[in-house]
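Trainee:
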Amino acid sequence: MTLDTVARATTFVDLAGLLVTGEVDGFDVDYLSWGFYAPAVWRNYAHTHSYFEVCLAYSGSGTFSVEGEVQEIEEGALFVARPGDVHEIISDPVDGLGIAFWGFTLQPTGATSASAPGWWSGLLRADRPLVSSELGSLPVLIAALAAEAAAPRSGVSEQLKALGTALVIETARAFAAPDDLAVALDPEARTTSSVASMERYLADNLARPVQVRDVAAVVHLSERHAARLFARETGESLMAMLRRLRLERGAHLLLETDDPIAQVARTCGYPEARPFITAFRRYFGQPPGTFRSNGGTLHL
1 MTLDTVARAT
11 TFVDLAGLLV
21 TGEVDGFDVD
31 YLSWGFYAPA
41 VWRNYAHTHS
51 YFEVCLAYSG
61 SGTFSVEGEV
71 QEIEEGALFV
81 ARPGDVHEII
91 SDPVDGLGIA
101 FWGFTLQPTG
111 ATSASAPGWW
121 SGLLRADRPL
131 VSSELGSLPV
141 LIAALAAEAA
151 APRSGVSEQL
161 KALGTALVIE
171 TARAFAAPDD
181 LAVALDPEAR
191 TTSSVASMER
201 YLADNLARPV
211 QVRDVAAVVH
221 LSERHAARLF
231 ARETGESLMA
241 MLRRLRLERG
251 AHLLLETDDP
261 IAQVARTCGY
271 PEARPFITAF
281 RRYFGQPPGT
291 FRSNGGTLHL
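Read in order, the letters of the sequence shown correspond to residues 1 to 300 in the UniProt record's numbering.
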């Protein structure tokens, strides 16, 4: 996604009134300004704000001055004026300058310590830069926000909240140091997610023929690796859990429906009733018909 998408995001200004407040990772956010300047020769005289004002230059060049310190701005530059900064923008007298800009407050709630390092450090720490070329996904987000503003549809409020959250985080990341953004990921998280996906696949496909290869394909692992991982984390083999889930589903249907046993068997992945009856008796200690008659109670 290039800056061309930002150049077409003229409806970015229409976010006013559509996206006003939000909560971003433990910070309260008020969105206070949305703007778009077509490439032109202009000057924004020295002024200050009580909020963060962020500009993305998508065309042309110019200068950005903060407290009298002048920095050159070129296409692709992202620059920020923090609350209280006296700043001024002057476009190039020939090339002009085109920008998209947005302004917001960022106030920590009790759940977040702003002094700890994080994405927010890029905005809240005074020693972080005021100009950055690390745009990340900002052009995509600006284009997406402009598109929502241009043609609001059902779900627009939640969509804008999500995009606004991403915009705030990605904005701050652009000015943050690498140490601010470092995170310690749980090395077991992927394993846990993979096993959960395999369990869900089994539960969702009880009525269908299922092989180890089918389950392994869901998590993009080899059959051998998937089977070992699953057994290690659950204490059951894939096929053993599949059989258990099928029989437990059968028990539920026997008690909650009047379906014939043959139909219950098919719903649980047994094409014929006899194998289902045999497996059910082995697992529950009584055949399906008796189980239903006894209301699931085993009389010894």
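Backbone N, C-alpha and C define an ideal beta-carbon position, used for all residues, glycine too.
Leaving out five residues before and five after L255 in sequence, what residues of the same chain have Cβ atoms less than 6 angstroms from its Cβ?
Mentor: Walking along the sequence shown from the start, residue 255 turns up at place 255. Closer than 6 angstroms at Cβ, skipping near neighbours: G296.
Trainee: Let me confirm a value: L294 is counted as buried when at least 16 other C-beta atoms fall within 10 Å, else exposed. Which label applies?
Mentor: The sequence position of residue 294 within the sequence shown is 294, counting from 1. Per the sequence shown, residue 294 should be read as Asn rather than Leu. With fewer than 16 other Cβ atoms within 10 Å, it is exposed.
Trainee: Roughly how many angstroms separate the alpha carbons of T232 and G22, rounded to a whole number?
Mentor: Locating residue 232 in the sequence shown gives position 232, counting from the first residue. Locating residue 22 in the sequence shown gives position 22, counting from the first residue. It is worth fixing the name first, because residue 232 is Arg in this sequence and not Thr. Computed Cα separation, rounded: 42 angstroms.
Trainee: For R224, does the three-state DSSP call read helix, strand or coil?
Mentor: Within the sequence shown, the letter at position 224 stands for residue 224. Residue state, collapsed to three classes: helix.
Trainee: For a test of the three-state rule: what should DSSP assign to D258, helix, strand or coil?
Mentor: On the sequence shown, position 258 is the one that residue 258 refers to. Three-state DSSP puts D258 in coil, outside helix and strand.
Trainee: Should P288 be labelled buried (16 or more other beta-carbon atoms within 10 Å of its own) or exposed?
Mentor: Translated into positions along the sequence shown, residue 288 becomes position 288. Answer is buried; the Cβ neighbour count reaches 16.
Trainee: What are the uninterrupted segments assigned as alpha helix (DSSP H) that are 4 or more residues long and contained completely in the segment 231-282, given in chain order?
Mentor: Segments of the alpha helix (DSSP H) lying fully in the segment 231-282: 238-256 and 261-267.
Trainee: DSSP beta-bridge partners for I90?
Mentor: Locating residue 90 in the sequence shown gives position 90, counting from the first residue. According to DSSP, which records beta bridges pairwise, I90 is partnered with R43 and T63.
Trainee: Tell me the residue span of the alpha helix (DSSP H) that contains V13.
Mentor: What you label residue 13 is simply residue 13 of the sequence shown in a count that begins at 1. Where V13 is concerned, there is no enclosing alpha helix (DSSP H), given that its DSSP letter is neither H nor E.
Trainee: Short check: CB of M241 to CB of L206, under 8 angstroms?
Mentor: For the purposes of this step, residue 241 is identified with residue 241 of the sequence shown, where counting begins at 1. For the purposes of this step, residue 206 is identified with residue 206 of the sequence shown, where counting begins at 1. Result no, Cβ atoms of M241 and L206 do not sit closer than 8 angstroms.
Trainee: With a threshold of 8 angstroms, are at least 3 pairs of Cβ atoms found where one atom belongs to the segment 119-134 and the other to the segment 147-167?
Mentor: Too few Cβ pairs lie closer than 8 angstroms, so no.
Trainee: Measure the CB-CB distance between L245 and A172 and report whether it falls below 8 angstroms.
Mentor: Here the question's residue 245 lines up with position 245 in the sequence shown. Here the question's residue 172 lines up with position 172 in the sequence shown. Cβ atoms of L245 and A172: not closer than 8 angstroms.
Trainee: Going by other Cβ atoms of all chains shown within 10 Å of its Cβ, with 16 needed for buried, is Y45 buried or exposed?
Mentor: Stepping through the sequence shown from its first residue, residue 45 is reached at position 45. With fewer than 16 Cβ atoms within 10 Å of its Cβ, Y45 is classed as exposed.
Trainee: How close, in whole Å, do the beta carbons of S121 and A176 come, if the pair is a contact with beta carbons under 8 angstroms?
Mentor: What you label residue 121 is simply residue 121 of the sequence shown in a count that begins at 1. What you label residue 176 is simply residue 176 of the sequence shown in a count that begins at 1. Indeed they touch by this definition, with Cβ atoms about 5 angstroms apart.
Trainee: So for D214, helix, strand or coil by DSSP?
Mentor: Counted from its first residue, the sequence shown places residue 214 at position 214. Three-state DSSP puts D214 in a helix.
Trainee: Near D259, what residues of its chain come up, given a Cβ to Cβ distance below 7 angstroms and the 5 sequence neighbours on each side ignored?
Mentor: The sequence position of residue 259 within the sequence shown is 259, counting from 1. So the list reads L253, once near-sequence residues are dropped.
Trainee: Output needed for P39: all residues of its chain with C-beta closer than 6 angstroms, excluding positions within five of it in sequence on either side, in chain order.
Mentor: Working through the sequence shown from its first residue, we reach residue 39 at position 39. Cβ within range, chain order: S59, G60, G96 and G98.
Trainee: Pull up the distance between the alpha-carbon of L181 and that of R243, whole angstroms please.
Mentor: One-based indexing of the sequence shown puts residue 181 at position 181. One-based indexing of the sequence shown puts residue 243 at position 243. Approximately 45 angstroms, taken between the alpha carbons.
Trainee: On the three-state DSSP scale, how would you describe residue 302?
Mentor: What the structure shows of the chain is the stretch from 1 to 300, and residue 302 is not part of that stretch, so it cannot be assessed.
Trainee: Considering only residues of the same chain and omitting the five flanking positions on each side of D14, which have a CB-CB separation below 6 angstroms?
Mentor: The residue you call residue 14 lines up with position 14 of the sequence shown. Contacts found: A149.
Trainee: Taking the CB atoms as reference points, tell me whether residue 386 and W102 lie closer together than 8 angstroms.
Mentor: Outside the modelled stretch of the chain, which goes from 1 to 300, sits residue 386, for which no answer is possible.
Trainee: Check each candidate in Y31, F36, E67 and C55 and name the one with the smallest Cα separation from T48.
Mentor: Indexing the sequence shown from 1 puts residue 48 at position 48. Selected option, being the one with the closest Cα: E67.
Trainee: On the DSSP bridge assignment, give the partners of I99 in chain order.
Mentor: Position 99 of the sequence shown, counted from the start, is the residue given in the question as residue 99. DSSP output for I99 lists Y37 and A57 as bridge partner(s).
Trainee: Thinking C-alpha only, which one of A196, I142, R82 and D92 is nearest D127?
Mentor: Position 127 of the sequence shown, counted from the first residue, corresponds to residue 127. Considering only alpha carbons, the answer is R82.
Trainee: Please work out which residues of its chain come closer than 8 angstroms, Cβ to Cβ, to F284, disregarding the five sequence neighbours upstream and downstream, and give them in chain order.
Mentor: Taking the first residue of the sequence shown as 1, we reach residue 284 at position 284. Contacts found: L247, A251, F291 and L298.
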